[in-house]
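> One structure is given below, represented as structure tokens, and several questions about it will come after.
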């Protein structure tokens, strides 16, 4: 096998800087933004620096670990709610992680949904400017793909766009500087217009990118998205000086695929990578191969469903690891990797580690990519890798993990002191079967039929189970969640108290709130998620016979899965070197799986959102639940961050509380908590 | 439904059980008595009728007629000799176990096969087979297997490359006993078009069925050096052993296909035998790669090597 030749030709005559969309900027009191020169050295140090959070992953190694030490296991239950912002007018996908630039005041830059970028006074919650990018495919706040955060360097903030671009924005004013058009060329061919025709997809169900770009040593890097839509994935290196393309990795190296199957082989690189800064290597997460039926693409289908390491300087191949070679189950590997250092047999070595959708944590040698350890399961396994039968859902076995997890795009956190990786996982059983139906007269097609079990048989209304994410003190329904919030000294969403900053702050930017609401209104479209996890709904709609479907679905819902522990998901602490699962905090089928990322602190505290509307704090080593704070009456799908504000003498924790990806309740909250030293 | 039945319990790793024999004979319409123990291909041949073989000769003739180039008998003979040598390396691989970093022992097994493959693609062999042969319905598999048993030269051909009598029987039985799973592999045009469903296929990008089987086999074998080295903490001796049988089966399938092509180049093959050998060899390569994936690539906790103890 030779994997070296995977770089794509970059035609010079492509419209690399022509923008196929429109930018709209709304400004508030931008004078509040202090002039702070964010250097590449600052980016390198941010993981050690308690006063900022300059990279989405908290550091190049993406450990999501804060060295701020005001909050401890002993005092975390005294967290105060500083403010809750309700942004974007409507519930949206809030799966991101803000960046925090230190200063007086610190400034938070955060994305909301795929289109909005905010600059916020991180101390007060006041919105200072908002940038709205409307791509040619239109805009929608009806469950579009999430955008998980911005990147920052110098006086510029960078954001991925839905049309495969990157937009560079003045971080003091919100005004655009340049645009990189990632759809200007595809497979080496120049677009006829502004975008290559194969990359012009409908909003919410096409190719895009949805994680923050990575910046390292003068290079900005970002990937692509939508492995189910007939594309071949790519990962770009772009100059920071004007957004010129430098290199492009073909995520479906053609000589490793049979025939021309590489051309629609998927393996997109939509999630964020991590960088090993000493060698300048970026580790890229990769998505599933396409199409789903593997018999048209025999072989391993590298680099799908795993991680690919390349040089940041020229994109040259270093190594790759596939969690699920030649995948049939959508076991792609979007969870961002984490780079860490550890002593093994007296030798200091570097590793990359990540949880897969396969339900195990993989730890590989950072230099070679060789597997060092695969952990014990952190979610349940049942008939895993069992090939689905053909046109026979009834006899298909229940399989775990399902196509949503183990771990999907949720960023994990790592605590180097206790050698603990904190992961989130989903734990539903699913049935797969291939089917053949008449699509149109005389035309047949094959799809995948799936039934996912999210409730046990004989579930009783009101029944409480272990893992319901509710306690006698803090029930999860909306009304009582507000009460709980008040008891804890915080304010419920929309409620004003001394520290609350809600939609009133948006109004302070003038006419921002109402016009933006109108700008984003388009027809409701189906959930796109990350392009692949919701085939069930779409394909079953294609079948057309709804009554029959309902009967069939009910039939399967009445089927027992004795092996299933009836929990929807888990937050787990895992030693990535030994593979030991140290602890598991389960979430019952009643509340749904925990989504979003986690955060560890130098004092041994782990923060993570939950599906019932809470921000949880755990002891990182033992998993003991230390405290629970109310975010809102909706799922909490964001990835928490933390910083210390020396002018206030406080450590802050912020999390986006959107949700709706795996639970019914959507929201649009940014919640910030603090503890004074 | 018979389609899609997982044949996991009916796959033989070279040592054929009586139950597998009975399953095989039952599929071909023979109710086996107590005399199946130890049966060889020759024995089975006497139990199984050749059937009507309707249309197989016409199909074979059409495959030959629709070639777009000329088969090179010399090239094929030379490369088949090279491929024969690959079988001799399998014992060394078993002794080697998990390869070292950057090893190429598995890749070396396929060098000659790739040369044959490139030539077959160049002369339009795969495209012609796709055009003129039916898809892998269980019925087509059953019919061609009856014919396969009655090809006199089959045992000798397989013996040339080191398949014992037991292994020869296992190869043929595996085709029939996995006939439902084979049906998942469709002719390119039978997949749903991309413009009809979201996860459909752009037909022009999908190689013909027989080419997919052949090249897929070679890609899987080529990648084993890297895969086994990379996954060393998970790999067991049983995985190596089972994987080597799967590899041998794929190479055996390739050798049968290459031999048929050589005989065609020499004008020394009956039309119905061309159909039979092309179908059977492709089926062998498909089912062996499907089992390689299950035996070696997809490693569940119940079959992985125990977790290694890390000290730090």
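Residue numbers (full-length UniProt numbering), protein chains in the order written: chain Z, 1 to 677; chain W, 1 to 312. All residues carry an ideal CB built from backbone N, CA and C; glycine is no exception.
1. Going straight from the alpha carbon of residue 79/W to that of residue 116/W, what length do you get?
2. Tell me, to the nearest whole angstrom, how far the beta carbon of residue 8/Z is from that of residue 301/Z; I am working on the premise that it is less than 8 Å.
3. Tell me whether residue 206/W sits in a helix, a strand or coil according to DSSP, three-state version.
4. Closer than 6 Å by C-beta to residue 215/Z: which residues in its own chain qualify, once you throw out the five before and the five after it? Chain order, please.
5. Is residue 276/Z closer than 8 Å to residue 652/Z when the C-beta atoms are compared?
6. Buried or exposed for residue 541/Z, please, with buried defined as at least 16 other CB atoms from any protein chain shown within 10 angstroms of its CB.
7. Report the residues of the region 376-392 of chain Z with a CB closer than 8 Å to any CB of chain W, ordered along the chain.
8. Can you confirm whether the region 263-278 of chain Z touches the region 175-183 of chain Z when touching is taken to mean that 3 or more C-beta pairs between the two stretches lie within less than 8 Å?
9. Mind checking which residues open and close the beta strand (DSSP E) that includes residue 133/Z?
10. For residue 307/W, I'd like the list of residues in its chain whose CB is within less than 7 Å of its CB, leaving aside the five on either flank, ordered along the chain.
11. If we count the other Cβ atoms within 10 Å of its Cβ and call it buried at 16 or more, is residue 369/Z buried or exposed?
12. For residue 233/W, which of helix, strand or coil comes out of DSSP?
13. Buried or exposed: where does residue 679/Z fall if 16 or more other Cβ atoms within 10 Å of its Cβ makes it buried?
14. Using a Cβ-Cβ distance under 8 Å, would residue 13/W count as near chain Z?
15. As a quick exercise: from 56/W, 274/W, 16/W, 9/W, pick the residue whose alpha carbon is nearest that of residue 166/W.
16. Return the chain-ordered ranges of every beta strand (DSSP E) run that is complete within the region 549-636 of chain Z and spans a minimum of 3 residues.
17. Let me make sure I understand the geometry here. Which of 675/Z, 571/Z, 134/Z has the alpha-carbon closest to that of residue 161/Z?
18. Residues of the region 60-92 of chain W with a CB closer than 7 Å to any CB of chain Z: list them in chain order, please.
19. What's the gap between the Cα of residue 678/Z and the Cα of residue 158/Z?
20. With a threshold of 8 Å between beta carbons, is residue 579/Z in contact with chain W?
21. List the DSSP bridge partners of residue 65/Z.
22. Let's test the definition: count the other Cβ atoms within 10 Å of the Cβ of residue 616/Z and tell me whether it reaches 16, buried, or not, exposed.
23. With DSSP run on the structure shown, which of helix, strand or coil describes residue 169/W?
24. Using a Cβ-Cβ cut-off of less than 7 Å, give me the residues of the region 254-276 of chain Z that come near chain W, in sequence order.
25. Using a Cβ-Cβ distance cut-off of 8 Å, determine whether residue 8/Z contacts chain W.
26. What does a CB cutoff of less than 7 Å around residue 75/Z pick up in its chain, not counting 5 residues either side in sequence?
27. Which runs of the beta strand (DSSP E) spanning at least 3 residues fall entirely within the region 265-289 of chain Z, listed in chain order?
28. Quick one: does the C-beta of residue 84/W sit closer than 7 Å to a heavy atom of the ligand MG?
29. Chain Z beta carbons: is any one of them nearer than 8 Å to that of residue 43/W?
30. Please report the straight-line C-alpha distance between residue 706/Z and residue 649/Z, rounded to a whole angstrom.
31. Are the beta-carbon atoms of residue 670/Z and residue 110/Z separated by less than 8 Å?
32. Pull up the CB-CB distance for residue 19/W and residue 177/W, whole angstroms please, since I reckon it's below 8 Å.
33. Where do the N-terminal and C-terminal ends of the beta strand (DSSP E) with residue 219/Z fall, by residue?
34. Determine, using beta carbons only, whether residue 245/W comes closer than 8 Å to chain Z.
35. Would you mind sorting residue 34/Z into buried or exposed? The rule is 16 or more other CB atoms within 10 Å of its CB.
36. Is the Cβ of residue 258/W closer than 8 Å to any Cβ of chain Z?
Taking the definition as stated:
1. 6 Å
2. Residue 8/Z to residue 301/Z, Cβ: 18 Å. No contact.
3. coil
4. Once the five neighbours on either side are set aside, the close Cβ partners of residue 215/Z are 151, 153.
5. no
6. For residue 541/Z, the predicted structure reports a pLDDT of 37, less than 50, and the residue's modelled location is therefore unreliable. The matter cannot be settled from this model.
7. 376, 377, 381, 384, 385, 386, 387, 388, 389, 390, 391, 392
8. Output reads no: the region 263-278 of chain Z does not touch the region 175-183 of chain Z.
9. 127-134
10. none
11. Residue 369/Z is classed as buried because its beta carbon has at least 16 other beta carbons within 10 Å across all chains shown.
12. helix
13. Given that chain Z is displayed from residue 1 to residue 677, the structure contains no residue 679/Z and the question cannot be resolved.
14. no
15. Nearest neighbour of residue 166/W by Cα position, chosen from 56/W, 274/W, 16/W, 9/W, turns out to be 16/W.
16. 567-574, 581-588, 598-601, 605-609, 614-619, 625-630
17. 134/Z
18. none
19. An answer regarding residue 678/Z cannot be provided, because it is not within the stretch 1 to 677 covered by chain Z.
20. For residue 579/Z, the answer is yes, since a Cβ of chain W falls inside 8 Å of its Cβ.
21. 600/Z.
22. Buried, because 16 or more other Cβ atoms sit within 10 Å of the Cβ of residue 616/Z.
23. When DSSP states are grouped into helix, strand and coil, residue 169/W belongs to the helix group.
24. 256, 258, 259, 260, 261, 263, 264
25. no
26. The residues are 675.
27. For the region 265-289 of chain Z, whole beta strand (DSSP E) runs of length 3 or above, ordered along the chain, are 274-276, 281-285.
28. Absence of the ligand MG from the depicted structure is noted, as is the absence of any ligand whatsoever, leaving it without description.
29. It does not; no Cβ of chain Z falls within 8 Å.
30. With chain Z represented from 1 up to 677, any question about residue 706/Z goes unanswered, as that position is not in the structure.
31. yes
32. With a Cβ gap of about 10 Å, residue 19/W and residue 177/W do not count as contacting.
33. 219-223
34. no
35. exposed
36. Judged by the 8 Å Cβ criterion, residue 258/W is not in contact with chain Z.
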